Structures are given as C-alpha cells and as structure tokens.
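Residue numbers (UniProt numbering), protein chains in the order written: chain S, 1 to 314; chain C, 1 to 314; chain E, 1 to 314; chain L, 1 to 314; chain V, 1 to 314; chain W, 1 to 314.
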C-alpha cells in the first residue's frame with residue numbers, strides 16, 4: 001500500500017474543506033504520472049443526453065464528489081478498509097458533448113477502452129443510465145459480462161419517440177443485442193412502477209434475463225433475493241449497475257424518474273454488501289440528478305453506495 | 001373501449017410535454033359532448049376552507065395533475081390496465097368559493113349530484129378533508145355508505161374554536177350524524193399522533209366505527225389488517241377516503257397536519273391493492289398541500305395512489 | 001371578437017383552479033375545429049437539447065402555463081386588452097425528441113410551417129434558445145427578418161466541443177448564415193457576463209449586428225436604447241426573442257446560464273412595451289428552467305413577459 | 001422610559017437565542033399587569049381567511065417574530081431609538097377562527113376596540129389584507145381616517161365569486177362604504193399588475209382616492225411622490241397599511257399575489273421614513289406568506305418595515 | 001395539578017397562532033416567580049460550538065419550539081398526559097457564547113447546576129452533541145449516571161485536529177474520563193456509518209460500554225434490543241441522550257452529520273416508549289440543524305421525540 | 001504567460017464537468033512544484049468561528065469553487081483577461097480548527113505569512129469576516145495598509161457577550177488597534193441596517209475612518225463615492241475586503257447577517273471595476289453562507305465578484 005493513494009482524514013482537515021475529489025482521494029487524470037499505478041479508478045460521467053423525462057444527471061458527478069468528502073476510511077459494518085487494500089484514485093470526468101449524443105457515446109467508449117488497457121477497474125459516477133452502454137462496449141469487448149442491476153426500471157425498451165434507439169430506457173436491450181451482456185447471467189432487482197406495456201419484460205423472458213419485482217424482494221426478504229442474484233451472476237466477470245431510483249424517492253428524491261415503493265437506505269446498502277466475492281470488472285451509480293435533489297440527500301446516498309461498491313470491488 | 005379515452009403515451013410525447021391533465025387523459029368537463037360517455041371521472045377539488053392548521057390543499061389538484069403525467073398505462077404489479085377497462089376522463093375542477101365555506105359546501109354537493117346523475121363514478125383529488133363531506137352528501141343521498149378510511153386522524157371531532165362545526169377535523173362526525181355513513185361499515189386505518197383528548201374515539205366506540213392505530217397495523221401486518229377492513233366494509237356500496245397524511249411525512253411531507261410514524265410508500269400502495277373487489281362508489285385523495293411539498297414528492301405519491309385507486313375501481 | 005377565445009376570470013373561478021392553459025385561454029391544438037380561427041397562438045416548446053450548461057428548459061412551458069393563470073385580462077399600464085383585440089389560444093406543445101437534436105429541429109420547423117400556413121402568429125414559450133432557430137426557419141422562409149433580441153448573451157458563437165454547430169449558444173449565427181435574419185436589422189440588448197473570447201462580437205461587427213452591452217443600457221437609459229432598437233428594427237417584419245437571462249438573476253434565478261448585472265423586473269417589462277408599433281411576426285420567451293427556479297419566480301416573470309409581448313403583438 | 005420595555009440585546013444574548021417575540025420585546029398580552037402601560041403594541045393577526053389566491057399569510061406573524069429578533073435597538077439611518085421613546089411591547093396574537101370568516105371579523109374588531117380603549121396604538125403584523133378592515137372598524141369608530149396605502153393592488157373591488165363581499169381584494173371598498181376612511185385623504189402607492197377591469201379605479205376616481213401607479217412613482221421619483229402623499233394624508237389621524245406585495249417579488253417572494261415591477265428594498269424603507277410627522281393612529285404590514293417565502297427573505301423584509309413603521313410612530 | 005402549567009389547546013387558539021414556546025407551555029425562565037414550582041423544565045441550548053462538520057444546531061431550539069406548537073395534550077399511543085401528571089414549563093434558552101467554546105461550557109454547567117438545585121429535571125433541546133457534556137457535569141456532580149444513548153455515532157473519540165478535546169465527537173469520552181458516566185451502565189444504540197478507525201470502539205470495549213450497531217438492531221428487532229438496553233441502564237439514575245442523526249436522514253435530513261441506514265420514524269418513537277420505568281434524571285434531543293432541514297421535517301420529528309421523552313419522564 | 005496556468009474552457013469541457021477548482025484554474029497547493037511560480041493565489045478559508053448569528057460561511061469556499069466554474073476567460077465589460085496577464089492558481093484551502101478559534105487565528109496567519117514570503121498575492125474566498133484579521137496580520141506585518149471595505153456593517157465593535165474580543169463584528173477594530181490598518185486610509189462603503197448603538201461609528205470618527213452609509217452612496221451616485229474612496233486609499237499598499245452582505249439580500253441571500261437596502265448586482269460589480277489602479281496587496285470576499293443560499297445565487301454572485309477583484313489585481 002502506497003501512502004500516495006490515501007484520502008485526507010476529517011480528523012486532520014475538516015470534511016467541508018479542500019478541493020472536493022471523490023472520497024478525498026488524489027486526483028489522477030489520464031496522463032498523470034501515477035495513472036498507471038491506479039487499481040480502481042473512480043470516474044465521473046457528467047452526461048444526461050439519453051434522458052427522456054427530467055434532466056440533470058449531468059450534474060451528478062460534481063454533487064457526488066462534494067457529498068463523498070463526508071466518507072471516512074473504513075466500512076464499520078464490514079470492517080473493510082478499501083484504501084488500504086487497493087490503490088484508488090479520482091480519475092476526473094469523462095468529457096461529454098452535451099449537444100451530440102452519438103459523439104458522446106464514442107467519447108465514452110474511447111475513454112474506458114484506454115482505462116481498461118491501463119489495467120484500471122472503473123467505478124463510475126453517472127450520468128443517466130445510457131452511460132452504462134458505452135462503458136460496457138469498452139469493458140465487454142472480448143466476452144459478454146454478467147450483470148447485477150439494481151433499478152426500478154428494466155431499461156430494456158426497444159425505442160422511443162418513433163424509433164430512437166439510444167435513450168436511458170434502452171441501454172441493456174442494446175447491450176444484449178450487441179453481445180455485451182450474457183442475458184442468462186443478468187438479474188434485475190427492485191423493478192416496479194407503472195408500465196408502458198409488457199414489451200420490456202417479454203424481451204427479458206425471451207432472453208432469459210431474471211427480473212425480480214419489488215414486491216417479491218420484500219416478501220421473500222432481501223437476503224434470499226440476493227442469494228439468487230449471486231447464483232445468477234455466478235463466477236464469471238460481472239458488471240454492477242446501480243440506478244439510484246432503485247431506492248425509494250423518500251431516500252433518493254434527486255432522480256429523473258422516481259418510482260414510489262422502493263427499499264429504504266439500509267437495504268440499499270446491504271444488498272451491495274451481499275455482492276462480496278463477485279468478480280466485478282466495473283460498476284456504476286447512475287441517475288443522481290442534483291437539480292431535483294432536496295438538500296443533497298440523494299448525493300449523500302449515492303456517495304455512500306459508491307463506497308459500498310468500492311468495498312466489494314477491493 | 002373507445003380510443004377517445006386513452007391517455008397520451010410517453011413513448012410518443014415526452015411526459016413533461018403537453019397541457020397537463022390527470023394521467024394525460026382527455027379533459028371532459030360538464031357540458032362537453034362526451035361527458036355522458038365517461039364511466040370514471042377524475043375531479044379536482046381545489047379547496048382548503050376547512051383547514052385549521054397549515055393551508056395549501058387548494059393547490060393540490062394542479063400539482064397532482066402535473067405529477068400524474070408521469071403515470072403510464074399499466075399497473076405492473078397487478079396487471080390492471082384501467083384505461084382499457086373503463087372510459088376515464090379528467091372532468092376538470094369543481095369551482096370553490098375560497099372566502100365562503102358554506103357556499104362552497106353547497107357548490108360541491110351540487111356538482112357531485114349532477115355527476116352521479118350522469119352515471120359517473122368520481123375519483124376526487126382534494127382539497128382538504130372537509131371535501132369528503134359535500135361529496136358524501138351527493139353520493140349517499142339514497143342510502144348510507146360504508147367507508148374505508150386511510151388517515152393519521154379520525155376526523156371525528158365535534159367542533160373547533162368554540163363550536164365551529166365544519167372543519168377538516170369533523171367531516172365524518174357530520175357524515176355519521178347526517179346518516180351518510182353506516183358507522184358499522186366504517187374502518188379507519190393508520191390513526192396516530194398526539195390527541196386533544198379521547199372525544200373522537202369515544203364517538204367512534206359509541207357508534208361502532210372501527211379505529212385501527214398504526215401500532216396495531218405494523219404489529220399485525222398490513223395484510224391481516226386489510227383483511228379485517230374488507231370484512232368491515234362488506235359487500236355494500238363503499239366510499240374510500242385516503243388522506244395523504246396517512247403516509248409517513250418522510251414520504252409525504254406536503255400536507256397540513258403531518259404525523260410521524262406512518263407507513264412507507266410501498267405499504268401505502270399495497271393497502272389500496274387489497275381493496276380489489278370492493279363496491280367502490282367513489283374515492284378521494286386529500287390533503288396534498290403543494291406549498292409544503294419539498295420537490296413535489298407528495299404530489300407524485302398522491303398521483304400514484306390515485307392510480308392505484310383507479311385500478312381497484314375499474 | 002368571439003366569446004370563444006376569452007380566458008376564464010379569477011373573479012369567477014379562483015386562479016389556482018382548473019386545468020392550466022396559457023393565460024387560461026382555450027386549448028386549441030392543431031386539428032381542433034377552431035384552429036383556423038386563431039390569430040395569435042401561444043405555443044409551448046418543451047426542449048433543451050441545445051443546452052451546454054445547466055438543463056431544465058424542457059420544463060419551461062408547463063411552469064409558464066401554471067404561472068400564467070395569475071394573469072388577468074387587461075394590461076393596466078398600457079390599457080391594452082389583448083383578448084378583446086385578437087383571437088388568442090393555447091395551441092399546446094410542439095412534441096420534441098429529447099434524445100435526437102436533429103430530429104427535433106425538423107419537427108419544430110414542420111410545426112411552425114403549418115402554423116404560419118394557417119395564418120397564425122406564434123408566441124412561443126421555450127425551451128432553450130436553440131428553439132428560435134427552427135422557428136425562424138419556418139417564419140423567415142420567404143424573406144429575412146429583423147430581430148429585437150433581449151439577452152445576456154449574443155448566441156452568435158461558431159460552435160462548441162470541437163465543432164458542434166447546434167447549441168443554444170449558436171442559433172443566431174446559424175440564422176444569419178442561413179439568411180433567416182437581416183443582420184442590419186438585428187439588435188441585441190443587455191449583453192454582459194464573462195466571455196470566452198471576442199469571436200461572437202467580431203461576427204456581429206462584421207455583419208452589422210448592433211450589440212448593446214448592459215452598461216450602455218443603464219448609462220444611457222432604457223428609453224434611449226429602445227428608441228435606437230426601434231430604429232434598427234425598422235418597419236419590416238420582425239421577430240422578438242426574449243431570453244429570460246436578460247433579466248438579473250435575483251429576478252430570474254431559474255435559468256441555465258445566469259449572469260449577474262441585469263435589469264430589474266420593471267425595466268424588463270417596460271422595454272417590451274416600447275415595441276408597440278413594430279411589425280412582429282413572432283416572438284418567444286426562452287430559457288426558463290424550472291428545476292433551478294426558486295419558488296417559481298422566474299416562471300411568473302416569464303409569464304408576465306409573455307403577456308407584455310402579447311400586448312404589443314395585438 | 002422604563003427599563004421594563006427594553007428589548008434583549010444581541011450583544012448579551014445571541015440573536016438566534018430565546019423565545020422569539022417581536023423585536024425581542026417583552027410579551028405583554030391583554031390581561032398582563034403591565035398591559036395598561038404599553039404605548040405602542042405590536043400585534044400578530046394570523047389569519048388568511050380572505051385570500052382568493054395563494055394562502056399562507058396566517059403563518060405571517062410567527063415568521064415575522066422570528067425574523068424580527070435580528071432587529072437591533074437603533075435606526076442608524078434616522079437616528080431614532082424607538083424603544084427609548086415609547087413603551088413598546090409584543091401583545092401576542094389575536095385569535096382567529098380559520099374556518100369562519102364572519103366570526104373572525106368580529107373577534108378582531110373586539111380585540112382592537114379593547115386595545116384602543118386602553119390607549120395603545122397598534123402596529124399589526126398580518127395576516128392577509130382583509131385584516132385591515134376589522135382593525136379600521138375599531139380604530140375609526142368615531143371619525144373617518146386618512147390612509148397611506150402601499151400596495152401593488154387597490155383592494156377596492158366590489159366582490160368576488162358571484163358577490164362575496166369580504167375578501168383581501170375588497171377591504172378598502174368596504175371601509176369607504178362604512179365611513180371608516182375619508183377617501184379624500186387616502187393615497188394608494190405602487191399600484192401595478194394586470195387588471196380584471198377598471199372597476200376598482202372607477203370607484204377610486206368617483207370617491208377621490210388618489211391612485212399612483214408604479215410607473216409614475218419611478219418616473220417622478222419616490223421623494224416627489226411621497227411629498228404628495230403627505231399632503232393628501234394631511235394633519236388628521238391616519239392609518240398606514242403596507243402590503244408586502246408593494247415591494248418587488250425578487251425582494252419579497254413570500255406573498256400570495258406577487259406582481260413584478262415593484263420597488264427595491266431601499267425604496268421600500270425610505271418611503272416609510274418619509275412619513276415622519278404624520279399622525280399615525282395605527283399601521284400594519286400584511287400579506288407575508290411564509291409557505292411561499294424562499295429562505296425567509298420576505299419575513300426579514302417585513303420585520304425591517306415593521307421597525308421603520310415603529311420609528312415613525314414614536 | 002395546577003392549571004397554571006397547561007398548554008394552550010389548538011381547539012381554542014389555532015396551532016399556528018401565538019408566541020411559540022415549547023409545546024405551548026408557559027414561559028417560566030429562571031427568576032420567574034413560578035420557577036420553583038416547575039417539575040420538568042424544557043430548556044433550549046442554542047449552541048453548535050463543538051461542530052466539526054456542518055453547523056446550524058444553534059438554531060435548533062427555535063425551530064423545535066415552532067414545530068412543537070403542533071403537539072397536543074395526550075400521547076394517544078400510550079395514554080400518557082404529561083401536562084396533567086407534572087408541572088412542565090418552557091424555561092427559555094441557556095445563553096451561549098458562540099465565539100468562545102470554553103466560556104460556553106462553563107455557562108451551561110452553571111445554568112444546569114442552578115436548575116438541579118431548584119429540583120427541576122431538565123429536558124434539553126440542543127444544540128450539538130457537545131451540549132451533553134456540560135449538562136452532565138451539573139447533573140452527575142454527586143455520582144456517575146447511566147445513559148441510554150441513541151445515535152449514529154459513538155461520540156467517544158479522543159480528539160480532533162491535532163488534539164482538540166472538546167468537539168461534538170468527544171463528549172462521552174470526556175464524561176467517562178471525568179467520572180460523570182458509569183460506562184457499565186451506558187448503552188449506545190443505532191451506531192453506523194463509515195469510521196475514521198476503531199479507536200472509539202476500542203475505548204468502549206475497554207470500559208464496558210455496550211455499542212449496538214444498526215444492523216444488530218434491525219436483525220434482532222428493536223424490542224429485543226431495548227430490553228437489553230433497559231437491563232444495562234438498570235435502576236440507577238440515568239440520562240437519556242437522543243441525537244437526531246440516530247434516525248435515517250430521509251426522516252431527519254436537518255442534521256450536521258447524517259448517516260444513511262437508520263430507523264424510520266415509528267421505530268424512532270417506539271424505542272423511547274420502551275424507556276418507561278427508567279429513573280431519568282435528564283434527557284436531551286440534539287443535533288437538529290434547521291439550515292439543513294428541508295421543510296422543517298427534522299424539527300417536527302425532534303419535537304415529537306421531545307414529547308415522547310417527556311412522557312417517559314413524568 | 002505560461003500555458004500551465006490557464007483555465008479549462010467551457011468550449012472544450014462543459015462547465016459542469018471536472019473537479020471544481022476556482023475558475024477552473026490548476027490546483028497548486030503549498031508544496032506543489034509550481035507553487036513558487038504563482039503570482040496571484042486564490043485561497044479558500046472555510047471558517048466561521050467568529051460568527052455571532054447565522055453560521056455556514058465555513059462552506060463558502062466549496063460553493064464558490066463550484067459556482068466559479070461558470071466563469072469564462074475574459075471580462076467583457078473591461079476587456080481584461082486576467083489569466084493571460086498573471087499566473088493565477090487555486091492554492092486550495094487553509095485548514096481551520098472549527099472548535100478552537102485562537103488556534104485557527106494562528107494557523108491562518110502562518111499560512112499567509114508563508115504565502116507572502118513566496119511572493120504570492122492572495123485573493124481569499126471566506127469564511128466569515130473575522131478571517132480578514134489573521135490575513136492582515138500576515139500581510140501588514142511591516143507597515144499598515146489602507147483598506148477599501150464594502151459591507152453593510154463596520155465590523156468595528158469593541159466586543160460581544162461580555163468582552164469576547166474576536167468575532168466577525170470586531171476584526172477591523174482589532175486591526176486598527178494592532179497597527180495593521182492606517183485608519184486614515186480606510187473607507188467603509190454601503191453601511192446600513194439597525195445598530196446596537198453608535199460605539200462603532202464613534203471609534204471610526206475618533207480614528208479618521210471614513211464611513212459612507214448606503215443612503216449617501218445612492219444619493220451621490222456610486223461613481224462619485226468611488227472617486228472619494230480611491231482618493232482615501234491613495235497610492236499606498238491597500239487591502240480590499242468585500243463582505244457579500246454589502247449587496248442587497250435579494251441578490252445575495254446566502255449570508256449570515258443580511259441587511260435590506262443594499263446595491264443591486266450591477267453596482268456590486270461596477271464598484272470593484274473602479275478600483276483599477278489601486279496597489280492591491282490582497283483581497284477577500286467573505287460571508288457567503290451556502291446553507292442560507294437559495295439556489296446558489298450568492299455563490300454565483302460571490303464568484304463573479306472574485307473575478308472582478310482578480311481583474312483589478314492583475
């Protein structure tokens with residue numbers, strides 16, 4: 001363990017002080033002399049070009065950085081000290097093109113291709129959920145991945161507005177179609193809300209994606225559900241995608257498409273802790289939308305989930 | 001099923017676009033050529049004349065309309081597609097007189113009398129809880145109704161401020177006194193908070209109204225409680241009144257008289273789903289107060305509950 | 001004057017009641033039987049696809065509709081009663097494609113081409129400032145227009161992010177290049193804020209566009225400046241574009257790119273009143289961004305400006 | 001000067017500490033042993049029963065008390081030390097009946113009749129503008145009063161909603177009709193906004209009430225306008241009524257019927273200072289509506305105006 | 001029971017009216033003629049001098065007073081009527097010195113020493129958690145106390161910022177060191193969040209303080225945990241300290257150091273009710289920070305907890 | 001000019017992207033290899049230990065950094081390009097001790113002593129106004145400075161709370177007493193609000209400090225007042241201290257001690273531009289308090305003022 005990759009302690013410098021980086025880690029952007037040493041890179045992806053309803057996820061990374069300066073060094077619930085185990089750093093933000101969706105898709109894939117080539121595992125702070133697609137294009141280049149997906153929505157729709165293929169409601173349909181995900185190793189947890197129709201679920205069924213609605217989660221218990229999820233994901237390389245609207249809007253109001261009836265914040269944390277042992281090649285927390293976030297509650301929740309994800313990645 | 005009564009899909013027109021009507025249904029006010037075809041009418045009642053504490057429920061209907069444009073066509077949890085089963089429409093608002101309580105009571109009863117005469121079943125977006133009284137006067141003209149009542153408060157008080165009979169704390173006392181409700185078929189669920197005294201509960205006991213405090217709901221489980229509620233309401237014509245302050249203020253902050261210790265949003269939905277099979281002659285969601293609603297969370301919850309009510313009415 | 005096109009009075013139905021249309025006018029969308037009778041159509045354009053900074057203008061039309069229900073029938077300052085003079089209506093919203101910028105540009109131009117063909121003059125509630133470009137493509141098909149442009153920014157930039165041509169910082173550069181505007185008849189009023197460089201102003205100078213910085217406005221007086229503006233616009237057909245960030249952010253916080261140092265709300269109104277006599281073929285109020293609007297102040301200001309524009313269009 | 005009626009200093013006890021009374025003065029309600037010694041009584045009137053649009057002024061007195069604890073002992077601009085010159089006290093609130101308008105009118109008049117009988121001059125913190133009517137009924141019992149009235153609206157309308165006589169849009173029509181005001185000694189300053197019609201202004205003209213629109217105020221200058229106002233009010237007993245919506249909503253967002261285009265906060269103070277020398281028998285600040293007050297700005301402005309009024313009353 | 005110590009009823013005077021005291025009780029500050037009659041005194045301690053992260057708890061007492069005026073006379077869940085059982089009063093605020101931490105510690109201890117000498121049991125509304133230390137210095141002068149402590153944090157740290165001994169993260173370390181608490185009779189409930197290290201828990205273990213993490217609370221059930229807590233506290237004199245950040249931030253956002261994963265509001269109440277029978281010599285609710293409190297939810301929760309504490313103290 | 005010290009352009013990377021530093025400049029903390037090259041260092045001082053009323057200025061630097069990423073490279077009003085003229089950098093934050101005022105005073109003075117020794121001129125983002133004192137102790141070590149001071153308050157009080165010498169109401173009294181300021185070269189502009197007494201002004205008079213109340217500023221005109229200010233400051237080394245409460249709270253609500261009646265945002269900028277030519281050895285913007293800042297307006301204003309100050313420092 002290098003002391004270079006340690007966060008600043010709130011015991012030394014108050015947590016409201018200093019230039020805010022993710023979890024107060026050093027800022028090591030591509031090109032930085034220590035970039036090659038990084039094992040896990042936390043990346044901001046400030047983009048909401050695929051948003052069909054309320055925008056603002058482009059402001060997510062900055063709000064998550066700000067909130068994350070309240071994170072301390074140790075996960076008291078599990079005893080994990082991520083910054084001791086791995087060299088972690090804030091890699092900065094991927095630069096999007098807010099006025100050109102296709103250009104941004106390419107920029108993101110290029111960024112993550114380089115990152116993967118450097119041997120860094122990414123933990124991404126989104127961004128809307130379309131963000132996951134160009135990341136998967138980089139990470140799943142060689143073989144399809146499994147995925148544990150926490151969300152209120154399946155994001156498996158065919159298209160919107162008369163055929164538009166790329167929105168935040170379609171990334172995993174595209175990913176399956178492009179062979180980036182192995183649908184048999186994909187599980188979607190917490191699905192709920194009103195539906196346009198059953199077209200997304202029909203697609204899931206047809207391809208073997210396991211969809212677990214919120215009612216089933218609550219009735220069976222989260223522990224039981226997560227055991228099944230671990231079995232589905234199995235031992236292969238797996239991506240974890242965590243849409244903040246998985247959590248109930250009382251706990252996570254700052255998101256574009258809230259759906260009532262979700263889990264509370266403790267369950268929101270504990271389902272992540274259950275992922276320990278998974279071969280996680282990358283993870284993301286998406287759809288934090290600060291303009292709709294009353295008092296920063298969602299950013300703080302999102303930062304806490306980023307930390308939980310980091311603890312199961314190390 | 002007529003295509004005339006279908007909501008606009010968010011797949012065609014984004015959900016933030018368009019003049020906002022309830023659930024994006026057509027606006028069919030009294031006098032409209034299609035009024036007679038409506039089976040279930042969603043009505044706004046923008047009035048808070050009976051409010052003894054924090055006002056603002058007069059703004060409820062507009063906020064509920066706005067939020068309800070995020071509702072899609074199908075209840076994914078139950079499979080119900082209400083707009084396919086019944087001809088539903090937004091009937092517009094009843095016009096209140098904000099400076100004359102007695103005049104408003106008369107206006108509302110007149111409005112619902114006409115509506116009932118046209119064979120429309122009303123789903124009302126309030127308004128404070130006094131709203132239910134003039135509605136009941138129209139709907140229960142011929143025979144007393146049963147009632148399933150979700151609330152933190154019994155609203156069974158005798159009077160306020162030295163004898164004022166009509167406030168949002170008294171509607172169901174008046175309704176029992178006027179023979180609009182059959183107290184033996186009335187159940188009040190979720191009652192909690194500090195009390196002035198036991199006068200309201202004494203009245204309930206004396207007349208056979210069943211009051212189920214929140215502690216009992218949680219300890220027995222909502223399923224068990226709702227079974228009892230269904231038994232109490234029985235097979236006769238029943239009104240459902242849903243005060244948004246039934247739900248915990250973390251989930252529904254925008255209300256005039258919040259009481260901590262209520263159910264979460266999933267239970268808030270599921271208790272309504274349990275009403276399937278009831279003979280519902282009318283229903284309301286009341287006490288959504290937008291000026292106290294941080295970020296519109298309560299409006300969104302209220303709109304979601306309106307949709308659940310609609311799904312058990314069709 | 002037809003009584004069909006009169007707004008509902010707050011003396012009859014309280015202003016918080018009813019389905020909210022612009023200024024409580026009848027909703028007459030394309031295809032409606034009375035569409036051909038409309039003289040001035042208020043149109044919502046819920047789109048922010050060109051936004052390079054803080055998004056949210058897609059929610060502008062709904063917030064403007066809501067606020068505009070506080071508008072009454074007469075302009076007390078000028079005595080104008082617009083709804084008596086012209087048949088005005090709320091035409092509804094143009095349907096954008098939030099995930100496809102080029103598709104939206106085409107949709108908007110098509111919509112306004114039909115509207116112009118029907119002989120309706122449009123008053124548009126945006127949307128971000130890129131909205132003006134597809135409108136101008138429809139309205140200036142036959143001859144270039146003059147323009148009075150209130151804004152903190154010139155919106156004359158060449159491109160962003162390595163060559164992206166269409167953003168809310170470029171519409172009038174494009175419009176000049178496409179021959180939609182006669183630069184000699186264009187005046188930009190209230191320009192201020194920090195600058196990337198002088199490239200936009202160089203373009204203005206080269207083409208004869210008159211740019212009046214805020215300091216000059218305040219030092220000369222708004223009356224004097226508006227006299228010059230009227231002279232520049234002259235007698236030909238003219239478009240009026242009013243970016244809400246023209247106004248100081250204390251009065252209009254809800255916008256994507258606020259710049260301090262702008263006019264107060266009285267001057268914001270009075271500059272519009274000075275346009276009486278201009279041959280206005282269309283007008284817009286853009287960049288109202290509700291997610292950044294504390295308490296709806298900007299929506300109310302924007303609705304008031306829409307009304308002032310309507311009064312000089314009739 | 002008695003030390004009994006001195007406010008607590010922020011130099012001794014921080015201004016955020018202590019039970020909040022108006023300006024940190026002693027709480028001397030009716031019945032208190034020192035009630036008879038009070039010369040100027042600050043009274044809260046927590047009532048918004050006459051509000052036709054956005055409610056919440058019932059919460060005004062509490063918010064004004066809270067904000068007023070930031071007031072210090074001396075008016076630095078004029079040198080006046082009101083608490084040294086007169087025995088001032090917080091008299092508490094008049095108890096309204098929120099569900100009965102007519103009952104409240106009587107309660108208020110009774111309260112102020114007793115207060116006047118005790119020789120106390122009242123400075124009232126409203127409450128909506130209907131509050132002024134029952135106060136005038138008590139204070140103008142013996143002879144009509146002059147009035148200096150700061151407002152965006154004339155509040156001279158005949159009635160609302162098919163004949164309702166008592167709303168916050170009608171108090172001064174009623175007061176003139178009841179002989180409580182001498183219309184020749186009434187001046188209304190800052191009038192603006194859209195209008196239902198000219199019916200209120202016709203009434204003003206017919207009775208000799210001077211209405212000064214905001215444009216005239218700004219064009220002539222506030223000093224000149226206030227000279228005229230002082231002349232109109234003359235030397236007789238005069239009431240001062242200050243509707244917080246007189247001030248521009250950027251400075252006073254927390255009110256029920258905001259109208260853009262009003263004065264800034266410095267002019268809002270200075271017009272009051274111009275009243276020095278007037279024979280003020282009572283004054284009020286009304287229409288502060290905390291539920292619509294972003295961050296308490298309006299309460300702080302209102303408290304500052306209360307202090308300015310106190311300084312010209314001593 | 002004296003009628004002198006009864007709160008004003010909302011049935012008589014609306015709850016938004018009147019000078020706000022805790023639970024609408026009479027204001028009986030030290031020196032007041034009835035001070036000696038008080039049995040339980042509710043005290044405000046407006047101080048946040050020990051706060052290492054987000055400040056604002058100095059505004060807690062005022063917000064808690066304001067919210068507490070919605071409390072009624074009876075605890076409907078337990079039937080307790082505290083104001084009938086004991087003479088309760090609002091004693092006002094302890095005057096802190098916001099710019100001198102050591103001076104404030106002394107002022108607070110002096111205040112509570114006098115209060116204890118007068119035979120009053122204090123229920124304190126903080127203030128940050130350092131507040132508990134000077135209170136304990138007064139109440140535990142003669143013998144160490146037991147303590148039931150609800151919190152997300154142990155507040156047992158040694159020091160901050162290079163040795164600073166007095167912060168809101170250290171009070172109970174100091175209290176144990178000073179012999180004010182008997183560590184064997186101390187239980188800390190709900191502990192969670194990331195940790196600097198294990199130094200605080202090592203101290204707890206070394207001294208026999210029982211720390212119950214949130215996961216254990218939820219997995220065992222609150223009833224079981226509270227049984228253990230009652231056993232630990234035993235029959236001796238006990239202090240109850242309730243940090244509002246014990247509760248999940250969805251329910252209590254207005255606090256300086258929120259930690260997700262806490263209990264909901266019903267459990268937040270019920271754990272207090274379990275304390276019935278304890279020999280409570282004093283209690284506090286701390287860390288309510290109004291500047292971070294969206295819509296006053298935390299103040300209302302805190303006021304409700306103060307009432308629950310009062311009900312187990314009588 | 002080195003390309004090393006250039007800010008990132010919003011034309012390349014959207015302004016909402018990236019780790020936020022002041023004006024998107026490189027982060028060059030003490031110890032950094034390029035520290036010695038910096039000519040003007042922007043420093044955060046996150047401290048509010050001297051605040052006697054509403055706290056939160058400790059969060060100022062982070063909010064100012066965030067807002068400042070909207071600043072572009074050129075001052076369009078004056079043509080100044082500060083980053084071309086001088087090597088500017090974000091030096092990071094001074095580490096305060098939030099629980100020990102005296103310790104923090106020493107830390108700050110030590111930090112600025114080193115900075116001055118390195119030949120860097122500091123532009124500080126506070127922090128409350130006590131921040132200026134330890135800065136002056138470092139910068140005025142060798143000779144007293146002149147000062148241009150924009151503020152609503154003189155900050156010349158002797159002491160608070162029974163003799164506390166160090167609060168945000170006393171820094172310049174201390175600075176004069178310690179010989180850090182030459183009172184004859186000090187001018188205080190915009191003074192207003194209620195006063196405890198005249199003790200601060202008597203001190204000013206006795207020492208020759210020129211106090212210009214807001215009324216005089218407005219009546220004479222800001223240009224005339226600034227001419228006098230420049231004359232007072234003269235040609236010697238001068239400090240500029242800008243308390244954000246100088247500006248009217250409609251424009252700058254996020255501050256601890258707002259006073260209505262201040263200048264608008266354009267005058268707030270223009271008075272700084274008038275300082276061109278002054279020998280500025282350091283400057284600060286203080287009292288931005290994000291917890292009280294509705295929508296970030298004050299942070300944006302403060303960042304804009306920082307930029308204006310930078311432009312007159314280069």
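All C-beta atoms, glycine included, are put in the ideal place defined by N, C-alpha and C. Treat the numbers as computed from the prediction; the structure is a model and nothing was measured.
Asked	Found
Under the DSSP definition of a beta bridge, which residues are partnered with residue 241 (chain V)?	V:149 and V:284
Hey, out of E:241, E:66 and E:300, whose CA is closest to residue 20 (chain E)'s CA?	E:66
Just checking: is the beta-carbon of residue 1 (chain V) within a distance shorter than 8 Å of some beta-carbon in chain W?	In this prediction, residue 1 (chain V) scores a pLDDT of 45, lower than 50, which makes its location untrustworthy; the coordinate-derived value is nonetheless stated afterwards. False, the Cβ-Cβ gap to chain W never drops below 8 Å.
For the alpha helix (DSSP H) holding residue 46 (chain W), just list the boundary residues, first then last.	From DSSP, residue 46 (chain W) is part of no alpha helix (DSSP H); its letter is neither H nor E.
Can you look up residue 225 (chain W) in the DSSP assignment and give me helix, strand or coil?	helix
Over what stretch of residues does the beta strand (DSSP E) that includes residue 64 (chain L) continue unbroken?	It is not in any beta strand (DSSP E) - residue 64 (chain L) instead sits in the alpha helix (DSSP H) that spans 60-68.
Using a Cβ-Cβ cutoff of 9 Å, what residues of the stretch 261-285 of chain V are near chain L? List them in chain order.	none
Along the stretch 49-77 of chain L, what residues have a CB closer than 9 Å to any CB found in chain W?	70, 71, 72, 73, 74, 75, 76 and 77
Can you have a look at residue 137 (chain C) and say buried or exposed, based on whether 16 or more other CB atoms are within 10 angstroms of its CB?	buried
Provide the residue(s) that pair with residue 123 (chain V) in DSSP beta bridges, ordered along the chain.	V:42 and V:283
Residue 185 (chain E) CB to nearest chain W CB: under 8 Å?	no
Chain V beta carbons: is any one of them nearer than 8 Å to that of residue 214 (chain C)?	yes
How big is the Cα-Cα spacing for residue 33 (chain E) and residue 281 (chain S)?	59 Å
Between the C-alpha atoms of residue 152 (chain E) and residue 196 (chain E), what's the straight-line distance to the nearest angstrom?	14 Å
Determine the chain S residues that contact residue 164 (chain E) at a beta-carbon separation under 7 Å, and present them in chain order.	97, 99 and 100
Give the residues of chain W in contact with residue 172 (chain V), contact being defined as C-beta atoms less than 8 Å apart.	Residues of chain W passing the Cβ test: none, with the nearest at roughly 16 Å.
Could you round the C-beta distance between residue 285 (chain V) and residue 244 (chain V) to whole angstroms and report it? I think they count as a contact, below 8 Å.	6 Å
What residues of chain V sit near residue 257 (chain W), judged by a beta carbon separation below 8 Å?	Those within 8 Å of residue 257 (chain W) in chain V number zero; the least Cβ separation is about 13 Å.
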